[in-house]
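>
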Amino acid sequence: MNLLGNLTWSAIPFDQPIIMGASGGMILGIVFVLGWVTLKGYLPYLWREWITSVDHKRIGVMYLVLAMLMLLRGFSDAIMMRAQQAVAAGGAQGYLPPEHFDQIFSAHGTIMIFFVAMPLVIGLMNFAVPLQLGIRDMAFPTLNAVSLGLTASGILLINVSLFVGEFAKTGWVAYPPLSELQFSPGVGVDYYLWSLQISGLGTLLTGINFVTTILKTRAAGMSYMRMPVFCWTALASNLLIVAAFPVLTAAMAMLLLDRYLGFHFFSVDGGGNAMMYVNLFWVWGHPEVYILVLPAFGIYSEVSATFSGKPLFGYRSMVAATMAICVLAFTVWLHHFFTMGASASVNAFFGVASMMIAVPTGVKIFNWLFTMYGGRIRFTVPVLWTIGFMVTFVLGGLTGVLLAVPPVDWQVHNSVFLVAHFHHVIIPGVVFGAFAGYTYWFPKAFGFKLEESWGRRAFWCWFIGFHVAFMPMYVVGLMGMTRRLQHYDVLSWQPWLIVAAAGVAIIFAGVVCQIVQFVVSIRAREELRDVTGDPWNGRTLEWSTASPPPAWNYAVLPRVTGLDAFWTRKKLARVTQGESAPAREYEPIEVPKNSAIGFVNAFFAVVAGFALIWHIWWMVIFGAFGAFIAIVLFAFRNEEEVEIPAERIARFDHAHPAEVTL
Amino acid sequence: MEAPYHPAPGENSAPGDEARASSELLVYTTGLSLAVLLTATSFWVANTSLLWGPGVPLGLTVLAIAQMGVHLVFFLHITTAPNKTNNVLALGFGILIVFLVIAGSLWIMNNLNENMMPNMPMLN
Amino acid sequence: MNVAVAVDEIQPETLISYTETGPAPKRVVVGFGFWIFLLSDIVMFSALFASYGVLVNATAGGPTGAQLFNQVSVAIETACLLLSSYTCGLMSLAINSRRRIATYLGALVTFVLGALFLNLEIREFVGMIASGATPQRSAFLSAFFTLVGCHGLHVTGGLIWLAVMMAQVAIKGFRPAVERRLFCFALFWHALDIVWVGLFTVVYLMGVIV
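Protein chains in written order, with my numbering: chain S, 141 to 802; chain H, 89 to 212; chain E, 24 to 233.
#1: Look at residue 546(S) and residue 406(S) and say whether their C-beta atoms are less than 8 Å apart.
#2: When DSSP builds the beta bridges, which residues end up paired with residue 622(S)?
#3: Got a sec: is the Cβ-Cβ distance from residue 166(H) to anything in chain S below 8 Å?
#4: Return no unless some Cβ of chain S is closer than 8 Å to the Cβ of residue 174(H).
#5: Since residue 212(E) and residue 108(E) should fall inside the 8 Å C-beta cutoff, what is the C-beta to C-beta distance between them, to a whole number of angstroms?
#6: Which residue's Cα is closest to the Cα of residue 299(S): 486(S), 463(S), 159(S), 368(S)?
#7: Does residue 182(E) get closer than 8 Å to chain S when you measure Cβ to Cβ?
#8: Taking the beta carbon of residue 769(S) as the centre, do at least 16 other beta carbons fall within 10 Å, making it buried, or is it exposed?
#9: Take residue 289(S) as the anchor and find which of 398(S), 342(S), 465(S) has the nearest alpha-carbon.
#10: Please report the distance separating the alpha-carbon of residue 207(S) from that of residue 577(S).
#11: Identify whether residue 199(E) lies in helix, strand or coil by the three-state DSSP scheme.
#12: Near residue 348(S), which residues of its chain fall below 7 Å by C-beta distance, leaving aside the five closest residues on each side in sequence?
#13: Between the region 122-129 of chain H and the region 148-155 of chain H, do three or more beta carbon pairs fall short of 8 Å?
#14: Excluding the five sequence neighbours on either side, which residues of its own chain have a C-beta within less than 7 Å of the C-beta of residue 511(S), listed in chain order?
#15: Any C-beta of chain E sitting closer than 8 Å to the C-beta of residue 413(S)?
#16: Could you name the residues that DSSP lists as bridge partners for residue 588(S)?
#17: Taking beta-carbon pairs under 9 Å, can you tell me which members of the region 389-407 of chain S lie near chain E?
#18: Residue 88(E) and residue 180(E): beta carbons closer than 8 Å?
#19: Rounded C-beta distance between residue 170(E) and residue 72(E)? I'm assuming under 8 Å.
#20: Is residue 182(S) helix, strand or coil when you go by DSSP?
#21: Chain S partners of residue 51(E), CB-CB under 8 Å?
#22: Could you pull out every unbroken beta strand (DSSP E) segment of at least 3 residues lying fully inside the region 678-742 of chain S, listed in chain order?
#23: In chain H, which residues lie with their C-beta within 8 Å of the C-beta of residue 482(S)?
#24: Would residue 140(E) and residue 81(E) be called neighbours here (beta carbons separated by less than 8 Å)?
#25: According to DSSP, is residue 144(E) part of a helix, a strand, or is it coil?
#26: Thinking just about the alpha-carbon of each residue, which of 64(E), 74(E), 50(E), 51(E) is nearest to the one in residue 165(E)?
#27: Grab the span of the alpha helix (DSSP H) containing residue 428(S) for me, first residue to last.
#28: Should the region 653-669 of chain S be regarded as contacting the region 242-250 of chain S, the criterion being three or more beta carbon pairs within less than 8 Å?
#29: Along chain E, in chain order, which residues have C-beta atoms closer than 8 Å to that of residue 145(H)?
#30: In or out: residue 213(S) buried (at least 16 other Cβ within 10 Å) or exposed?
#31: Cutting at 6 Å between CB atoms, please list the residues of its own chain near residue 114(H), excluding the five before and the five after it.
#32: By the DSSP assignment, the beta strand (DSSP E) with residue 782(S) in it spans what residues?
#33: Does the distance from the CB of residue 192(S) to the CB of residue 734(S) come in under 8 Å?
#34: Output the distance between the C-alpha atoms of residue 218(E) and residue 712(S), rounded to the nearest integer angstrom.
#35: Helix, strand or coil for residue 359(S) per DSSP?
#36: Under the rule that 16 or more other beta-carbon atoms within 10 Å means buried, what is residue 455(S), buried or exposed?
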């Protein structure tokens, strides 16, 4: 029995210069950052204040950091694909052989959905929801840290697949029979499956955490109809997580059993049924897109109300639309495989349901428009992202209604038209929303705003670049181009694909602008400093805290009497310019204690995952056992909380005096 | 060092509350008796020839749902008290999802199988 | 704190609805969170049930359920699990009234009954495999072993958890954290019996009547 299972030196692709270059760059980057951090002596600080933190604000920031880093990798995949398709026409083969191209489009989808979009929305929800609810932390802060660790484990595994072994070549959905051992004998699909099972568990725990927090721990006086809309969308999104992710876990577990133990769930022999995987995958897959977009819709609600200086129009219908989407999300999944042989009755049911689900989203769009109508709009960067979303998403959504008609879908299923559609909804929906939320809450998290002009440049590059990149794909999709092509023979497609590649270059400029914005903002942070805690004249409770808020969020937990709780308080308040708050009674506050369990658990998850992929059975046992022991030891700890003395709270409050714009 | 125990609103057991405890015991015992009865009936229904054949699966389903209900009410204390509304709503949501997943999958997969070519080895 | 707010001017209403009482006590929060987790677990089982339902006739020329299942064994397993749910309830009562010996006794009986269930189930699996009815034989058998096996794995996890909890009671006593975890265990154990009701009805009983 080989001590390292199937792992040999041939796992490292020394003969593939592009991969070696990318891996080398990645490893150098990690070594450089780790080295710099160590030499500067930041490690104890990082360990104490970030890695072992269970504070939702810190965890939220860490999710966003992971997401932004993975965005760079997923976007690199996109650049490589557009470049390949721009040149690989007719006699030219391009620079990416099929085996490599297939891994790139698979990694692109997997990374963007699971390791960019999910951490973006989860990070923003983590940061903002407890603050908006007027509480000190999530219902289960340590579980929150465990979730972050498991997501990071999945990310580490998928990054290791770049230089140790290979990634799946099956697309981000990994349908059998192609993903069965018979047709994908390498480790690629195993990297995909284990990476997603591990991070999926983290996501499920996050779902449980948010549902419990929002339903059971809101501030006093905050009835359901006084909750900010972002919290409602967070609730709906996390209910969907709790309901949908177990199905993905089951589907992937069955595929793993087929691959590892020779079961016959989806195999071509033994009575297996590959369509069952497709069915179960999309039972998860459709709710997943709503998991991603609902929090973004919540951000748009907050941004449009705040920067119009008006309450959100139609709060009740927003709530109703959100919860309707939550339920309807589970009734449409077959539209992802209209062409797979179901009868007209089945296709018609799911086609009609898919058209119906556009209605609540339409209600939301109208509500945002009516919120802005008659308001005094401040065209800040979050508002730019919001308007860009409204214009773009509506068109993308319309192509979705087109696709919901089964006979139309039969013409364009799995063509580049479909690829254009889903990017046309997910980029303005989720990505623009995340950028809006990032800009909106950045001053709250770090105490200074992001620089405006670079933000504007980034927006316009993304907005224009997106359209230049994806509109040609509708055309070429209708001309018959299938998706995921490494090479094609129809030369009339090429001009359109060259335009699409140019679009990606413009988006790249946008990303550069965002990086520049970040650096410039840090350099100019004193001019951009937020001293009041309320840089936007906000409406919800998070703006009543200092920027950044203390670990305990609120010295005295707020008592809520209406919707837009902070706005209501500002109207009722006797404001004293420049004076500090009147004397209050400060009590000591207990905050959850830091814990290394998130990190330790993540470590053992990576060990076990890597070992499972390479069939290193003793290491699997070591990893699983290690995680178990760590959890048991954690369960025996004696102190769960740390008490913060009243004097420290008083000192913090007095250091942040009042100055508010009304 | 034990902290004082504060029963949540609507919770019906507290330490040292002997009178409540015996009513609790009655609840569990009633639940057990009902469950035993329903389980035994299930086994009988599956094995008897006294019932009309096609009705047996339906009967078993009804009995299974009844047994699950007994567990929910008598062991898990799912009631309609106001502080338990969240629990009931969550349960309702869960049941809806379970129904959609199972019924939806069976409908779709049966439909797909029907449309496969006859006499193919893959047809199951 | 950035606004000097006259909080005292805001009068709390005398009658407030249940949704406005503020954060719930920790025991309620933990119990609800675990309840949500249980519902997610049941959704996972439903995906496995759906697969079983789709593949139940895909025997690929191999043995069917009717040929393999032993109803006596299933009846004993059902009795063990149902009784263990009852004794778990008794254990919960003992925990609520802080009776240590009764707690250990309830846990022990629950553990033994659970272990008996597992013993019978493992025997069944071993017997089937020895006679050639392996999960690799057909899609039906793959689905059967996975669905029933997943439940068995949950039972195993529950027994390990119960043992660790008894160690916690012995070392830490009836602290609030320990009580909350025992409450969660009881929820878990009852939920497993609910899943078993579905299992024995759909897999075993319906499997033999067809």
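Heads up, the beta-carbon is just placed ideally off N, CA and C, and yes, glycines get one too.
The structure says:
#1: Locating residue 546(S) in the first sequence gives position 406, where the first residue counts as 1. Locating residue 406(S) in the first sequence gives position 266, where the first residue counts as 1. Cβ atoms of residue 546(S) and residue 406(S): not closer than 8 Å.
#2: If you number the first sequence from 1, residue 622(S) lands on position 482. The partner list for residue 622(S) (beta bridge, DSSP) reads 555(S).
#3: Walking along the second sequence from the start, residue 166(H) turns up at place 78. So, not an interface residue.
#4: Residue mapping note: residue 174(H) aligns to position 86 of the second sequence, counting from 1. Closer than 8 Å: yes.
#5: Counting from one through the third sequence, the residue named residue 212(E) turns up at place 189. Counting from one through the third sequence, the residue named residue 108(E) turns up at place 85. That belief holds up - the Cβ atoms of residue 212(E) and residue 108(E) are roughly 6 Å apart, short of 8 Å.
#6: Within the first sequence, numbered from 1, the residue matching residue 299(S) stands at position 159. Of the candidates 486(S), 463(S), 159(S), 368(S), the one whose C-alpha sits nearest the C-alpha of residue 299(S) is 159(S).
#7: Within the third sequence, the letter at position 159 stands for residue 182(E). Chain S, which has no Cβ nearer than 8 Å to the Cβ of residue 182(E), makes this no.
#8: The residue you call residue 769(S) lines up with position 629 of the first sequence. Exposed, because fewer than 16 other Cβ atoms sit within 10 Å of the Cβ of residue 769(S).
#9: Position 149 of the first sequence, counting from 1, holds the residue named residue 289(S). It is 342(S).
#10: On the first sequence, residue 207(S) is found 67 positions in, with the first residue counted as 1. On the first sequence, residue 577(S) is found 437 positions in, with the first residue counted as 1. Approximately 14 Å, taken between the alpha carbons.
#11: Numbered from 1 along the third sequence, position 176 holds the residue referred to as residue 199(E). In this structure, residue 199(E) counts as helix in the three-state DSSP scheme.
#12: The count along the first sequence starts at 1 and reaches residue 348(S) at position 208. Same-chain partners within the cutoff: 382.
#13: yes
#14: In the first sequence, residue 511(S) corresponds to position 371, counting from 1. Closer than 7 Å at the Cβ level, and outside the excluded window around residue 511(S), lie 444, 445, 448, 450, 452, 453.
#15: Locating residue 413(S) in the first sequence gives position 273, counting from the first residue. For residue 413(S), the answer is yes, since a Cβ of chain E falls inside 8 Å of its Cβ.
#16: Position 448 of the first sequence, counting from 1, holds the residue named residue 588(S). According to DSSP, which records beta bridges pairwise, residue 588(S) is partnered with 669(S).
#17: 389, 390, 391, 393, 394, 397, 398, 401, 402, 403, 404, 405, 406, 407
#18: Here the question's residue 88(E) lines up with position 65 in the third sequence. Here the question's residue 180(E) lines up with position 157 in the third sequence. No. Outside cutoff.
#19: The residue labelled residue 170(E) in the question sits at position 147 within the third sequence. The residue labelled residue 72(E) in the question sits at position 49 within the third sequence. That pair is a contact at about 7 Å.
#20: By 1-based counting over the first sequence, the position of residue 182(S) is 42. Note: residue 182(S) maps to coil in three-state DSSP.
#21: Walking along the third sequence from the start, residue 51(E) turns up at place 28. Those are 356, listed as they occur along chain S.
#22: 729-732
#23: By 1-based counting over the first sequence, the position of residue 482(S) is 342. 196, 199, 200, 203, listed in chain order.
#24: Position 117 of the third sequence, counted from the first residue, corresponds to residue 140(E). Position 58 of the third sequence, counted from the first residue, corresponds to residue 81(E). Not in contact: residue 140(E) and residue 81(E) (Cβ atoms no closer than 8 Å).
#25: In the third sequence, the residue the question calls residue 144(E) occupies position 121. Reduced to three states, the DSSP call for residue 144(E) is helix.
#26: Here residue 165(E) corresponds to residue number 142 of the third sequence, with the count starting at 1. Among 64(E), 74(E), 50(E), 51(E), the Cα nearest to that of residue 165(E) belongs to 74(E).
#27: For the purposes of this step, residue 428(S) is taken as the residue at position 288 of the first sequence. It spans 414-448 - the alpha helix (DSSP H) in which residue 428(S) sits, taken as one unbroken run.
#28: no
#29: By one-based count along the second sequence, residue 145(H) stands at place 57. Per Cβ cutoff of 8 Å: 229, 232.
#30: As a first step, residue 213(S) must be located in the first sequence, where it is residue number 73. When all chains shown are included, residue 213(S) counts as buried.
#31: The sequence position of residue 114(H) within the second sequence is 26, counting from 1. Here the set comprises nothing.
#32: Counted from its first residue, the first sequence places residue 782(S) at position 642. Run containing residue 782(S): 781-784, per the beta strand (DSSP E) assignment.
#33: Taking the first residue of the first sequence as position 1, residue 192(S) is located at position 52. Taking the first residue of the first sequence as position 1, residue 734(S) is located at position 594. For residue 192(S) and residue 734(S), yes; Cβs fall inside 8 Å.
#34: The residue labelled residue 218(E) in the question sits at position 195 within the third sequence. The residue labelled residue 712(S) in the question sits at position 572 within the first sequence. Going by the C-alpha atoms only, they are around 54 Å apart.
#35: One-based indexing of the first sequence puts residue 359(S) at position 219. Looking at residue 359(S) - three-state DSSP - the assignment turns out to be coil, as it is neither helix nor strand.
#36: The sequence position of residue 455(S) within the first sequence is 315, counting from 1. By the 10 Å Cβ count, residue 455(S) comes out buried.
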